[in-house]
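Asks: First the structure, then my questions, so here it is.
Residue numbers (full-length UniProt numbering): 1 to 255.
Okay, structure coming up:
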C-alpha cells in the first residue's frame, strides 16, 4: 500500500491544495468538510470560536478522516504553535509576522533542534496516527510547516528577508488585513487592483525563494486569480458562512 502523502509533500511537488476554513467550535464541522471533498481543514484559533480543546478534538477528527489539519494561532501565541503540532497539526499559520525576528520566533517553536527549540513529546500526533515518537521525530521538521502571515506594510517590506529565515516554510497572505494596514486603516479591499498586484508580487517572491505561497480567498474569482498568481495553498469556504448561506436558502423554500 502506498503511504499517504502529507500536506508538505503535496505542496513541495507542486500540487495545489484548497483548504476549508473552520471557525466553529465542533469537530463535527471538520468531519463534514472531509465528507464534502476537502482534503485539508484550517482551524482558526485567532478569530474563530474554537478553544484549544476544540482544536485538539478537531485535529483528531481530521487525522482519523484522512485529511490534513492546519491551525492558525492567535497573535504571538508561539507556545500553542508547538502544542498544536504535538496534537497532530501539519501546518501552523501564525498571524502578524512582521519581521525577521518574528519569523525566527515562529521557527523556534515549530522546529526541533538545531533549527528551533521545539520540545520532544508529540503525544497526540503519535497516538492518533499510530506512529512511534521516534518515527514522528525523524521526519517532523520536513512534514510539518511553519507559515508566516503577511498582512502589514512592514511584513511586505521585509518579505525577502523573512523568506530567507532558515526553517520558515512559506507565507500566507491575509488579504483583508493587508489592504487595511497598507491603506492606514482606510479600506478593506482584498480584491482591489492594487491589492491583487501586491498579492501577485508576494507569490512570485515566495516561489522564487523556493517556499510555499498561501492565501485566504474571499470568493471563487479570487481563488482562481490566486491560483494563476502562483499560490499553491489556498483557503476557501468557511463553515459559518457556508451554513448560513445554505440555511438562508432552505428557510426561503416556501417563499
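Built from N, CA and C at the ideal position, the CB exists for glycine as well.
(1) Look at the Cβ atom of residue 33, then the Cβ atom of residue 237, and state whether they are nearer than 9 Å.
(2) In terms of residues, what are the limits of the beta strand (DSSP E) holding residue 44?
(3) Using beta-carbon positions only, say whether residue 19 and residue 42 come within less than 9 Å of one another.
(4) Taking the DSSP output, what are the residues bridged to residue 147?
(5) What does the alpha-carbon distance come out to for the pair residue 141 and residue 112?
(6) Touching or not, the segment 95–111 and the segment 166–186, by the rule of three or more beta carbon pairs under 8 Å?
(7) Reducing DSSP to helix, strand and coil, say where residue 231 ends up.
(8) Within the 9 Å Cβ cut-off, does residue 31 reach chain D?
(9) Quick one: what does DSSP say residue 99 is sitting in, helix, strand or coil?
(10) If I measure Cβ to Cβ from residue 220 and keep anything under 8 Å in the same chain, skipping five residues before and after, which residues do I get?
(11) Which partner residues does residue 17 have in the DSSP bridge list?
(12) Roughly how many angstroms separate the alpha carbons of residue 205 and residue 255, rounded to a whole number?
(13) Report the option in 121, 120 and 147 whose CA atom is closest to the CA atom of residue 107.
(14) Check this for me: beta carbons of residue 183 and residue 190, under 9 Å apart or not?
(15) Please report the Cβ distance between residue 56 and residue 5, rounded to the nearest whole angstrom; I am assuming they are in contact, meaning their Cβ atoms lie under 8 Å.
(16) Can you find the residues in the same chain that come closer than 7 Å, C-beta to C-beta, to residue 229, ignoring five residues on each side of it along the sequence?
(17) With DSSP collapsed to three states, give me the class of residue 70.
(18) Using the C-alpha atoms, what's the distance from residue 79 back to residue 134?
(19) Quick one: is residue 28 buried, meaning 16 or more other Cβ sit within 10 Å of its Cβ, or exposed?
(20) Where in the segment 154–217 do unbroken runs of the alpha helix (DSSP H), each at least 4 residues long, occur, reported from the N-terminal end onward?
(21) Within its chain, find whatever has a CB closer than 8 Å to the CB of residue 232; leave out the 5 residues flanking it on each side and keep chain order.
(22) Near residue 159, what residues of its chain come up, given a Cβ to Cβ distance below 7 Å and the 5 sequence neighbours on each side ignored?
Replies: So, to answer that:
(1) If you number the chain shown from 1, residue 33 lands on position 33. If you number the chain shown from 1, residue 237 lands on position 237. A contact, by the Cβ cut-off of 9 Å.
(2) Here residue 44 refers to the residue found at position 44 when the chain shown is read from its first residue. That run of the beta strand (DSSP E) goes 40–44.
(3) Residue mapping note: residue 19 aligns to position 19 of the chain shown, counting from 1. Residue mapping note: residue 42 aligns to position 42 of the chain shown, counting from 1. Yes.
(4) Walking along the chain shown from the start, residue 147 turns up at place 147. Paired residue(s): 93 and 170.
(5) For the purposes of this step, residue 141 is taken as residue 141 along the chain shown, with counting starting at 1. For the purposes of this step, residue 112 is taken as residue 112 along the chain shown, with counting starting at 1. Spanning the two alpha carbons is a distance of roughly 7 Å.
(6) yes
(7) Counting from one through the chain shown, the residue named residue 231 turns up at place 231. Three-state result, residue 231: coil.
(8) In the structure shown, chain D cannot be found, because there is only a single protein chain.
(9) Working through the chain shown from its first residue, we reach residue 99 at position 99. Here residue 99 sits in coil by DSSP.
(10) Position 220 of the chain shown, counted from the start, is the residue given in the question as residue 220. Same-chain partners within the cutoff: 236.
(11) By one-based count along the chain shown, residue 17 stands at place 17. DSSP output for residue 17 lists 233 as bridge partner(s).
(12) As a working note, residue 205 is residue 205 in the chain shown. As a working note, residue 255 is residue 255 in the chain shown. Rounded to the nearest angstrom, the two C-alpha atoms are 51 Å apart.
(13) Taking the first residue of the chain shown as position 1, residue 107 is located at position 107. Cα-wise, what sits closest to residue 107 is 147.
(14) Within the chain shown, the letter at position 183 stands for residue 183. Within the chain shown, the letter at position 190 stands for residue 190. No. Outside cutoff.
(15) Mapped onto the chain shown, residue 56 falls at position 56. Mapped onto the chain shown, residue 5 falls at position 5. That belief does not hold up - the Cβ atoms of residue 56 and residue 5 are roughly 24 Å apart, past 8 Å.
(16) Mapped onto the chain shown, residue 229 falls at position 229. Hits under 7 Å: 199, 200 and 203.
(17) Stepping through the chain shown from its first residue, residue 70 is reached at position 70. Residue state, collapsed to three classes: strand.
(18) Walking along the chain shown from the start, residue 134 turns up at place 134. Walking along the chain shown from the start, residue 79 turns up at place 79. One C-alpha to the other measures close to 22 Å.
(19) Taking the chain shown and counting its residues from 1, the one referred to as residue 28 is at position 28. The residue in question, residue 28, is exposed, as its Cβ has fewer than 16 Cβ neighbours within 10 Å.
(20) 159–163, 175–182 and 193–208
(21) Along the chain shown, one-based indexing puts residue 232 at 232. Excluding sequence neighbours, residue 232 sits near 11, 14, 15, 16, 17, 212, 213 and 214.
(22) Locating residue 159 in the chain shown gives position 159, counting from the first residue. Correct list, in chain order: 150, 202 and 205.
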